[in-house]
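Down below is the structure, laid out as structure tokens.
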Amino acid sequence: QNNRIQHQGLKRKVCSAEEAAQFIHAGDLIGTSGFTGSGYPKAVPQALANRIKEAHALGKEFKVKLITGASTGPELDGALAEVNGVSYRSAFNTDPIMRKRINSGDTDYLDMHLGQVAPLYRTGVLGEMDVAIIEVVRICEDGRLVASSALANNQLWLNSAKKIILEVNQWQSAGLEGMHDAWEVSTSFPHQIIPLSSPCDRIGQPYMTVDLNKVVAVVETNAPDRNAPFSPSDENAKLIAGHLMEFFRYEVKRGKVPPQLFPLQSGVGNVANAVMEALGEGDFDNLTAFTEVIQDGMLNMLETGKMKVASATSFSLSPEKAEYFNDNTDFFRDKIILRPSEISNHVGVIRRLGCISMNGAIEADIFGNVNSTHIMGSRMMNGIGGSGDYARNAYVSIFMTPSLAKGGKISSIVPMVSHVDHIYQDVQVIVTEQGLADLRGLSPRQRAKLVIENCTHPTFRPLLREYYQMALKNNMAHTPILLKEALSWHERYIDTGTMIP
Ligand code: 0RQ
9 QNNRIQHQGL
19 KRKVCSAEEA
29 AQFIHAGDLI
39 GTSGFTGSGY
49 PKAVPQALAN
59 RIKEAHALGK
69 EFKVKLITGA
79 STGPELDGAL
89 AEVNGVSYRS
99 AFNTDPIMRK
109 RINSGDTDYL
119 DMHLGQVAPL
129 YRTGVLGEMD
139 VAIIEVVRIC
149 EDGRLVASSA
159 LANNQLWLNS
169 AKKIILEVNQ
179 WQSAGLEGMH
189 DAWEVSTSFP
199 HQIIPLSSPC
209 DRIGQPYMTV
219 DLNKVVAVVE
229 TNAPDRNAPF
239 SPSDENAKLI
249 AGHLMEFFRY
259 EVKRGKVPPQ
269 LFPLQSGVGN
279 VANAVMEALG
289 EGDFDNLTAF
299 TEVIQDGMLN
309 MLETGKMKVA
319 SATSFSLSPE
329 KAEYFNDNTD
339 FFRDKIILRP
349 SEISNHVGVI
359 RRLGCISMNG
369 AIEADIFGNV
379 NSTHIMGSRM
389 MNGIGGSGDY
399 ARNAYVSIFM
409 TPSLAKGGKI
419 SSIVPMVSHV
429 DHIYQDVQVI
439 VTEQGLADLR
449 GLSPRQRAKL
459 VIENCTHPTF
469 RPLLREYYQM
479 ALKNNMAHTP
489 ILLKEALSWH
499 ERYIDTGTMI
509 P
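Now the structure itself:
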């Protein structure tokens with residue numbers, strides 16, 4: 009038995025993942041740790057998936073409802089989706105097998121702002137949590153818990169679940185201890201004021217607490233987070249990053265943004281990582297981040313001193329960086345603060361700090377509405393994640409996308425988005441490799457001109473100009489659109505495999 013389980017009572021609860029999974033029943037609502045592929049339980053979900061598979065083989069119904077912090081990994085979402093074991097899933101997913109279940113109708117999916125998961129849970133509409141499965145780094149002698157690489161909704165699930173299963177993961181660095189800042193939002197209204205006025209502030213406790221009587225099982229694991237390599241910055245990502253650097257320099261020159269910029273929020277994915285890498289090589293110093301996820305680019309900046317402090321709720325690192333981080337936690341401990349996602353994504357705090365928000369888009373339209381979630385209007389990609397929490401409340405909200413998708417067959421700038429996640433009032437800057445459109449203060453007609461000219465790929469620019477001129481001629485209005493044609497580009501892609509006529 010490893011020395012990370014120091015509470016005598018909980019030592020006696022150590023069992024196998026298979027034994028622990030017996031505490032879970034068909035129809036249960038399960039809350040797990042885990043956010044962007046880190047800090048999720050790895051053994052019990054797989055054992056549960058095996059149980060579900062056996063039940064299905066005997067013709068028995070067995071599905072559970074699953075709420076996490078955000079995306080997990082193949083051992084959780086993947087394993088349970090593989091056996092069609094999830095009837096309901098929230099709040100964010102990137103697992104390809106789970107994505108198929110969501111889109112085929114096997115799994116009902118509630119895609120929501122990650123900062124709203126905890127508040128919605130407290131209203132009771134999601135039901136009562138039957139079992140919480142939480143990954144931890146250590147169980148202290150007095151029963152307090154050290155969370156692993158994501159703090160997410162862990163404390164809420166620990167507080168509310170009827171039964172608790174803990175996974176103690178040896179792979180996670182013991183050096184994570186001291187990086188967390190668990191702070192609980194009061195359960196009654198009006199909420200207590202969150203005393204956070206800088207990303208550097210610590211306001212809570214480095215430990216989570218648990219009612220020991222509710223812990224039914226403790227499982228020992230030794231398995232890595234789902235750390236995936238980033239693709240090296242491609243030409244498009246570098247161009248997008250370049251346009252953004254120019255924009256930041258302009259804002260500093262105008263005297264509206266300090267030389268160290270405002271706290272950065274950076275979304276997930278290769279483009280977001282490339283922008284962080286560019287900032288790491290750029291001329292801004294003493295940067296800070298108030299964000300959800302720390303990717304490689306941000307960790308590099310902390311390492312070189314370009315960034316002073318990063319506040320987040322989790323990591324999403326490449327395998328090499330994860331190893332590096334695990335070996336160097338002493339260096340990072342005073343530079344990283346991991347918060348519950350209710351705090352990392354708290355709209356009041358985001359507004360107070362004046363974050364610079366940078367998120368990916370699937371497509372944007374000429375007026376600046378952004379689709380982050382639905383391919384061709386209906387097929388769920390990942391979810392809105394935290395992008396909406398930040399977009400509406402940031403000092404400036406930026407959306408980035410290459411101007412083309414699917415090898416040039418799709419224009420990411422379209423007459424009308426096929427699904428809206430971020431209404432144009434929440435979208436202030438759009439940037440593609442072609443250029444940047446600063447849409448602040450502009451009306452829809454002013455915006456359309458800028459988006460078409462600055463952001464669209466030359467293959468589609470004449471088509472978009474032509475469409476918009478027709479709209480101006482035949483339907484001059486506050487927002488000129490041609491209803492019959494606005495989604496014709498998407499229809500053409502579905503019918504012919506390309507948006508090009
Ligand atoms: O699909 O892999 O099947 O080819 O969409 O696209 O270009 O790899 O872009 O990794 O930056 O992700 C919006 C999904 C962008 C992401 C989104 C297809 C494309 C590919 C992915 P394939 P890329 P990225 C903080 C903030 C919401 C959550 C969020 C996201 C796939 O940024 O999930 O921001 N955002 N959270 O081929 C059809 C188009 C397309 C398209 C791209 N126009 N039409 N398909 N694709 N554009 C973190 C958290 O909240 C946790």
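So the number in this note's numbering is just where the residue sits in the sequence shown, counting from 1, plus 8.
Positions of the beta carbon are idealized from the N, C-alpha and C atoms, including for glycine.
As the structure is a prediction and not an experimental result, all values here were calculated from the model.
Straight-line Cα distance separating residue j from residue i
{"i": "residue 302", "j": "residue 444", "result": "25 Å"}
{"i": "residue 278", "j": "residue 16", "result": "45 Å"}
{"i": "residue 479", "j": "residue 95", "result": "44 Å"}
{"i": "residue 221", "j": "residue 170", "result": "10 Å"}
{"i": "residue 32", "j": "residue 39", "result": "12 Å"}
{"i": "residue 296", "j": "residue 316", "result": "6 Å"}
{"i": "residue 382", "j": "residue 149", "result": "47 Å"}
{"i": "residue 355", "j": "residue 27", "result": "41 Å"}
{"i": "residue 574", "j": "residue 501", "result": "Given a span of 9 to 509 for the chain in the structure shown, any question on residue 574 remains unanswerable."}
{"i": "residue 313", "j": "residue 294", "result": "7 Å"}
{"i": "residue 242", "j": "residue 461", "result": "23 Å"}
{"i": "residue 174", "j": "residue 371", "result": "40 Å"}
{"i": "residue 145", "j": "residue 311", "result": "23 Å"}
{"i": "residue 157", "j": "residue 20", "result": "25 Å"}
{"i": "residue 227", "j": "residue 54", "result": "13 Å"}
{"i": "residue 143", "j": "residue 48", "result": "6 Å"}
{"i": "residue 99", "j": "residue 117", "result": "8 Å"}
{"i": "residue 125", "j": "residue 36", "result": "18 Å"}
{"i": "residue 429", "j": "residue 14", "result": "46 Å"}
Opening and closing residue of the alpha helix (DSSP H) in which residue i lies
{"i": "residue 499", "result": "496–504"}
{"i": "residue 106", "result": "104–112"}
{"i": "residue 478", "result": "469–482"}
{"i": "residue 168", "result": "162–168"}
{"i": "residue 489", "result": "Note, residue 489: premise wrong, no alpha helix (DSSP H); not H, not E."}
{"i": "residue 454", "result": "452–463"}
{"i": "residue 358", "result": "355–361"}
{"i": "residue 289", "result": "278–289"}
Residue i in three-state terms, based on DSSP
{"i": "residue 180", "result": "coil"}
{"i": "residue 228", "result": "strand"}
{"i": "residue 117", "result": "strand"}
{"i": "residue 31", "result": "coil"}
{"i": "residue 303", "result": "coil"}
{"i": "residue 441", "result": "coil"}
{"i": "residue 201", "result": "coil"}
{"i": "residue 223", "result": "strand"}
{"i": "residue 127", "result": "helix"}
{"i": "residue 392", "result": "coil"}
{"i": "residue 309", "result": "helix"}
{"i": "residue 213", "result": "strand"}
{"i": "residue 134", "result": "coil"}
{"i": "residue 236", "result": "coil"}
{"i": "residue 62", "result": "helix"}
Limits of the unbroken beta strand (DSSP E) element including residue i
{"i": "residue 96", "result": "94–98"}
{"i": "residue 367", "result": "364–368"}
{"i": "residue 316", "result": "315–320"}
{"i": "residue 68", "result": "Neither: residue 68 is in no beta strand (DSSP E) and is coded neither H nor E."}
{"i": "residue 335", "result": "Premise fails: residue 335 lies in the alpha helix (DSSP H), 327–335, not in any beta strand (DSSP E)."}
{"i": "residue 40", "result": "37–40"}
{"i": "residue 408", "result": "404–408"}
{"i": "residue 273", "result": "272–274"}
{"i": "residue 89", "result": "Unbroken run through residue 89 is the alpha helix (DSSP H), 87–90; no beta strand (DSSP E)."}
Cβ pair residue i, residue j closer than 7 Å
{"i": "residue 402", "j": "residue 434", "result": "no"}
{"i": "residue 424", "j": "residue 373", "result": "yes"}
{"i": "residue 516", "j": "residue 147", "result": "For the chain, the structure presents residues 9 to 509; residue 516 sits outside this window and is missing."}
{"i": "residue 407", "j": "residue 369", "result": "yes"}
{"i": "residue 188", "j": "residue 207", "result": "no"}
{"i": "residue 163", "j": "residue 120", "result": "no"}
{"i": "residue 66", "j": "residue 29", "result": "no"}
{"i": "residue 326", "j": "residue 238", "result": "yes"}
{"i": "residue 415", "j": "residue 122", "result": "no"}
{"i": "residue 345", "j": "residue 365", "result": "no"}
{"i": "residue 153", "j": "residue 223", "result": "no"}
{"i": "residue 465", "j": "residue 411", "result": "yes"}
Cβ of residue i within 7 Å of any chain B Cβ
{"i": "residue 475", "result": "The structure shown has no chain B; it contains just one protein chain."}
Quiz item: When the Cβ atoms of the stretch 131–143 are set against those of the stretch 197–205, are three or more pairs found closer than 8 Å?
Solution: no
Between the stretch 99–112 and the stretch 325–344, do at least 3 Cβ pairs fall closer than 8 Å?
-> no
The stretch 178–187 contacting the stretch 62–77, beta-carbon criterion three pairs below 8 Å
no
For this session: Flag this pair as touching only if the stretch 389–397 and the stretch 445–458 have three or more C-beta atom pairs under 8 Å; answer yes or no.
Result: no
Check: Would you call the stretch 79–92 and the stretch 228–235 in contact, with 3 or more CB pairs under 8 Å?
Finding: yes
The stretch 187–201 touching the stretch 243–251, judged by at least three CB pairs closer than 8 Å: no
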